[in-house]
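Numbering (my numbering), first residue to last: 176 to 474.
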C-alpha cells in the first residue's frame with residue numbers, strides 16, 4: 176500500500192490526540208483520588224478505553240502501510256478487527272462495573288469535593304476540544320479515523336457530564352449528582368461497546384459486509400453482457416474498510432473463442448468497484464456446463 180506525506184500527517188495528528196488523551200487520563204485519575212469523585216473515576220475509566228482505542232488507531236494506521244508477504248497475503252489489515260474486539264470486551268467490563276458502583280452510591284452517596292470535580296472536568300474538556308480539532312479534518316478518511324474521532328467526541332461528552340455533576344453538587348449540595356453523572360457516562364460507553372463488539376465479530380465470522388447487499392450485487396453482475404449465471408458468490412471483509420469478493424461467473428461459450436474474456440473481466444471488476452466499492456475481487460469465468468462437475472454444490 177503506498178504511503179505519502181498525507182498519511183504521515185494523519186498519523187502525527189493521531190499521535191498528538193493520543194498524547195493529549197493520555198495526559199487527561201492521568202489528570203482525571205489524580206483528580207478522582209483527591210476529590211473522591213466516582214464521576215471523575217468513571218470518566219477516567221472511559222478515558223482509559225479511549226486511550227486504548229486511539230492507540231489501536233495509531234497502530235492500525237501504521238500497520239496498514241506495511242506490504243503483504245508470503246506469510247500474510249493481506250498484510251496486517253485484520254489486526255484492526257482483533258484489537259477492536261478486545262477493546263469492546265474491556266469497555267463492556269468497565270461499563271458494567273461503573274453501573275453497579277453508581278447504583279450503590281445512589282443509595283449511599285459519599286462526600287466529594289465539588290470544586291475539584293469541576294476543575295478537573297474543565298481540564299479534561301479543554302484537552303478533548305484540542306484533540307477534536309486535530310482529528311476533525313481526517314474523520315472521513317476511513318473507518319479507522321472516524322472511530323478515533325468518535326472516541327474523543329465521547330470523551331468530551333464525559334467531561335461535560337463531570338462538570339455538570341460538580342456544578343450541581345456545589346450549588347445544591349445534592350451529592351447523588353456524582354452517581355447520576357457516572358450512570359450517564361456509562362450509558363455513553365455501553366451502547367457503543369455492544370455495537371463495536373457486534374461489528375468486530377461480524378468481520379471475524381466472515382459475514383457479508385453491511386455495505387454490500389448481496390442480492391443487489393448479484394443482480395448487477397447478471398446485467399453485464401454475456402453473463403448467464405452467478406454462483407459461489409462470497410463477499411467478506413479483511414478489515415472494516417477492505418471488503419473482498421469471489422464469484423464463479425457463467426458466460427457465453429463464444430466468449431472463450433472470440434477473445435472477449437479480458438474485456439468481460441474488466442467489466443465485472445468495474446461493476447463491483449463502481450457500484451459497491453469492492454476493489455479486491457476474484458472471478459472465475461466458466462462455460463455453462465462447468466458447474467455440473469465442480470466439487471461443491473453451486474449456490
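Don't be surprised by glycine CBs; every beta carbon is placed ideally from N, CA and C.
Query: Cβ contact check for the segment 183-190 and the segment 266-273: 3 or more pairs under 8 Å; Result: no
Query: Whole-angstrom distance between residue 328 and residue 445, CA atom to CA atom; Result: 37 Å
Query: Separation of residue 397 from residue 231, as counted between CA atoms; Result: 40 Å
Query: Residue ranges of each alpha helix (DSSP H) within the segment 413-450, 4 or longer; Result: 430-433
Query: Beta-carbon proximity of residue 475 to residue 414, cut-off 8 Å; Result: The requested residue 475 does not occur in the structure, where the chain is confined to residues 176 to 474.
Query: Close Cβ partners of residue 180 (< 7 Å) along its chain, the five nearest in sequence each way excluded; Result: Confidence at residue 180 is low in this model, with a pLDDT of 47, below 50, so its placement is unreliable and no value can be given for it.
Query: Distance CB(residue 426)-CB(residue 459) smaller than 8 Å; Result: no
Query: Cβ pair residue 215, residue 337 closer than 8 Å; Result: yes
Query: For residue 410, three-class secondary structure by DSSP; Result: strand
Query: DSSP-derived helix/strand/coil call for residue 380; Result: coil
Query: Proximal residues to residue 195 (C-beta, below 7 Å), its chain only, five neighbours per side dropped; Result: 302, 305 and 306
Query: Under 8 Å between C-beta atoms of residue 203 and residue 235; Result: no
Query: Cut-off 7 Å between Cβ atoms - residues of its own chain near residue 241, not counting five sequence neighbours on either side; Result: 250 and 251
Query: Local Cβ density within 10 Å of residue 375, reported as buried at 16 or more and exposed below that; Result: buried
Query: Contact check, residue 350 vs residue 358, beta carbons under 8 Å; Result: no
Query: Own chain residues within Cβ distance below 8 Å of residue 447, not counting five before or after; Result: 392, 395, 396, 420, 453 and 456
Query: Residue 295 burial status per 10 Å Cβ neighbour count (16 or more: buried); Result: buried
Query: Cβ of residue 303 within 8 Å of any chain B Cβ; Result: Looking at the structure shown, chain B is missing, and only one protein chain is on hand.
Query: From 197, 346 and 228, residue whose alpha carbon lies closest to that of residue 292; Result: 346
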